[in-house]
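Notes to accompany the following structure.
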Amino acid sequence: MVEACRHGDRDAFRVLFEAYKDRVYSIALHYSGNEIAAHDIAQDVFVKLFKAIRRFRGDSSFDTWLYRMVVNACTDAYRRSRRWVTMGDEWLSVPDPQREPMEERLQRRMLQSAVQKAVQHLSPRLRMPVLLRYVQGLSYDEIAEALGCTKGTVASRLNRAHRELARRLAHLEATWEKTDV
Amino acid sequence: MFSRHVDDELSAYYHQELSGGEARRVAEHLAGCARCRAAFDEIRRGIHLAEQLPTVEAPETLWPGIERELAAPEPVEAAPARAGLGLGWGLTGALALVLVVALGLSWYFGFRQKLYMYEEAGPITEFESAARDMHLRLTSGREPLEFPSTNPASVRDWVQGHTPIISHLADRPGNAALQVEMLGAGRMEAAGAPTAVVFYRVNEQPATLITARVADVRDGPSNRLFSKDIYFRQDPELGLKLLTWQLGGQAYVLVSTAPGYGQQACLVCHTQPETRQIILSARPERMGN
Numbered sequence: 016m017v018e019a020c021r022h023g024d025r026d027a028f029r030v031l032f033e034a035y036k037d038r039v040y041s042i043a044l045h046y047s048g049n050e051i052a053a054h055d056i057a058q059d060v061f062v063k064l065f066k067a068i069r070r071f072r073g074d075s076s077f078d079t080w081l082y083r084m085v086v087n088a089c090t091d092a093y094r095r096s097r098r099w100v101t102m103g104d105e106w107l108s109v110p111d112p113q114r115e116p117m118e119e120r121l122q123r124r125m126l127q128s129a130v131q132k133a134v135q136h137l138s139p140r141l142r143m144p145v146l147l148r149y150v151q152g153l154s155y156d157e158i159a160e161a162l163g164c165t166k167g168t169v170a171s172r173l174n175r176a177h178r179e180l181a182r183r184l185a186h187l188e189a190t191w192e193k194t195d196v
Numbered sequence: 010m011f012s013r014h015v016d017d018e019l020s021a022y023y024h025q026e027l028s029g030g031e032a033r034r035v036a037e038h039l040a041g042c043a044r045c046r047a048a049f050d051e052i053r054r055g056i057h058l059a060e061q062l063p064t065v066e067a068p069e070t071l072w073p074g075i076e077r078e079l080a081a082p083e084p085v086e087a088a089p090a091r092a093g094l095g096l097g098w099g100l101t102g103a104l105a106l107v108l109v110v111a112l113g114l115s116w117y118f119g120f121r122q123k124l125y126m127y128e129e130a131g132p133i134t135e136f137e138s139a140a141r142d143m144h145l146r147l148t149s150g151r152e153p154l155e156f157p158s159t160n161p162a163s164v165r166d167w168v169q170g171h172t173p174i175i176s177h178l179a180d181r182p183g184n185a186a187l188q189v190e191m192l193g194a195g196r197m198e199a200a201g202a203p204t205a206v207v208f209y210r211v212n213e214q215p216a217t218l219i220t221a222r223v224a225d226v227r228d229g230p231s232n233r234l235f236s237k238d239i240y241f242r243q244d245p246e247l248g249l250k251l252l253t254w255q256l257g258g259q260a261y262v263l264v265s266t267a268p269g270y271g272q273q274a275c276l277v278c279h280t281q282p283e284t285r286q287i288i289l290s291a292r293p294e295r296m297g298n
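Protein chains in written order, with our numbering: chain A, 16 to 196; chain B, 10 to 298.
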């Protein structure tokens, strides 16, 4: 599919887009906390991807290469933004897993919203490794490559982020238990 | 025997990102260190929380936006000024205003929290007439744009390079529900003032924004419509909505057929969610005198 895209196949690019759109958008949204900014960031990423994919040589994995673009787009947008407004709960349109009882579904959404807000409060340096790990599932090596830093730096930042999240959301411990965290 | 604490390695340990030897060392240390075990518990809680981050579905407007970007031509360089519109202006640095409209308006709305809009029933002013007439000429094709361009940043640069007006069109106006298509810019004289013209579409409805320095507009400083409040006027015969206001010493008239009071057309400049909300929820307070 990547090879077809490299030859300018627009249909193949559409398939590629469909495969990655949710994760790219999610990272942009969790990073910026702003639907409009996330839309712009995601659009920017895919436009650049289409124009640059001919130059992709396969030196790194495609995922790592793509998420390097995502990181750069998020960072550039952050620098340009005057102020990003953290959205409320309403933008969290997460498909309900299976058919949860209402109470559990509400608690899960509440927890997800709280986690999202807590992630928003992380510094950008800590926020991006968290998003690459938990939205995209990249390994520490892949995150390091996407961020242009060492694996040790990734480990250190994730460590700090985990501790900060735990402290910030300690009051929700009862909710974790109910949602089987 | 003293062994170094392993706090910094605990996330990597949990995620099995350590080598075999490193992982064994951490495990042995944890067995004998209450402090690091407490840190490990905290990190596990943080990891479990982070695992709750959802993947959010991308909006359906994302692909059409990408297609539009890929189909858009490269920015058009400004054509030489035509004799019919050229008024011999160059940059007049000493007279140029330094206000950034979008920043100023965002600050302004943040301070006031509400936008006051009034419905104007008095006679149409010379400046408003000029805006309306230009809009009609542009939409009918009788007035070619001096600088046709689909790139908001290029339009912004052209306005600032060819008029004494400072403009701050958003790089990416519009949002998932509002498609803004930039068409270009031009110049005119309106009520005696050198005036910048920006022409675009909002959800396929044409809109024309003109702006000039209040001090240059005939009777501008005494014109009550040039205030921080917005004056709304409707031309039912032509189906046009006119919004008039002043900010940072510049007078604006926005002509469109956008729904409601035409505020959607304002979003060509305003991208901050709070500002948009304030603009879109504005309603006329009372009739003007």
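Note that the Cβ used here is the ideal one computed from N, Cα and C, for glycine as well.
Once you ignore the five residues that flank residue i on each side, which residues in its own chain have a CB closer than 6 Å to its CB?
| i | result |
| --- | --- |
| B:Tyr261 | Thr220 and Trp254 |
| A:Tyr35 | none |
| B:Gly201 | Arg227 |
| A:Leu153 | Leu147 |
| B:Thr266 | Gln214 and Gly248 |
Does the Cβ of residue i have 16 or more other Cβ atoms within 10 Å, making it buried, or fewer, making it exposed?
| i | result |
| --- | --- |
| B:Ala47 | exposed |
| A:Met16 | exposed |
| B:Val264 | buried |
| B:Lys250 | buried |
| A:Glu33 | exposed |
| A:Ala53 | buried |
| B:Gln273 | buried |
| A:Ala133 | buried |
| B:Gly74 | buried |
| B:His279 | buried |
| B:Asp50 | exposed |
| A:Asp55 | buried |
| B:Glu137 | buried |
| A:Pro139 | exposed |
| B:Ser290 | exposed |
| B:Ser28 | exposed |
Could you check whether residue j and residue i sit closer than 9 Å to each other, using their CB atoms as the reference points?
| i | j | result |
| --- | --- | --- |
| A:Asp24 | B:Val65 | no |
| B:Glu155 | B:Glu190 | no |
| B:Leu71 | A:Tyr40 | yes |
| B:Leu145 | B:Leu276 | no |
| B:Tyr23 | B:Met126 | no |
| A:Leu173 | A:Val145 | yes |
| B:Gln243 | B:Glu135 | no |
| B:Ala179 | B:Pro161 | yes |
What residues in its chain sit with their C-beta under 7 Å from that of residue i, if we drop five residues either side in the sequence?
| i | result |
| --- | --- |
| A:Tyr155 | Lys166, Val169 and Ala170 |
| A:Arg97 | Summary for A:Arg97: the model assigns pLDDT 47, below 50, so the residue's position carries little reliability, and this model does not support an answer. |
| A:Ala19 | Ala27 |
Taking the beta strand (DSSP E) that residue i falls in, what are its first and last residues?
| i | result |
| --- | --- |
| B:Ile174 | Here B:Ile174 belongs to no beta strand (DSSP E), and DSSP marks it neither H nor E. |
| B:Leu9 | This structure cannot settle anything about residue 9 of chain B, because the visible part of chain B is limited to 10 through 298. |
| A:Leu31 | From DSSP, A:Leu31 is part of no beta strand (DSSP E) but of the alpha helix (DSSP H) over Arg25 to Ser47. |
| A:Ser171 | Taken as a continuous stretch (DSSP letters only), A:Ser171 belongs to no beta strand (DSSP E), being part of the alpha helix (DSSP H) at Lys166 to Arg183. |
| B:Ala67 | Counting along the chain, B:Ala67 falls outside any beta strand (DSSP E), and DSSP gives it neither H nor E. |
| B:Glu18 | Neither: B:Glu18 is in no beta strand (DSSP E) and is coded neither H nor E. |
Under DSSP, the alpha helix (DSSP H) around residue i begins and ends at which residues?
| i | result |
| --- | --- |
| A:Met117 | Met117 to His136 |
| A:Leu141 | Pro139 to Tyr149 |
| A:Asp59 | Glu50 to Ala67 |
| B:Glu283 | Pro282 to Leu289 |
Below 8 Å CB to CB, which residues in the same chain sit around residue i once its five sequence neighbours on both sides are set aside?
| i | result |
| --- | --- |
| A:Phe71 | Val17, Arg21, Phe77 and Trp80 |
| B:Pro230 | Val223 and Ala224 |
| B:Met197 | Leu94, Ala139, Met143, Thr204, Val206 and Ile219 |
| A:Val30 | Met16 |
Exercise. When the Cβ atoms of the stretch 55-69 of chain A are set against those of the stretch 67-79 of chain B, are three or more pairs found closer than 8 Å?
Worked result: yes
Problem set entry | Stretch pair the stretch 176-186 of chain A + the stretch 54-61 of chain B: three plus CB contacts closer than 8 Å | yes
Exercise. Is the stretch 198-207 of chain B touching the stretch 162-172 of chain B in the sense that three or more CB pairs, one from each, lie closer than 8 Å?
Worked result: yes
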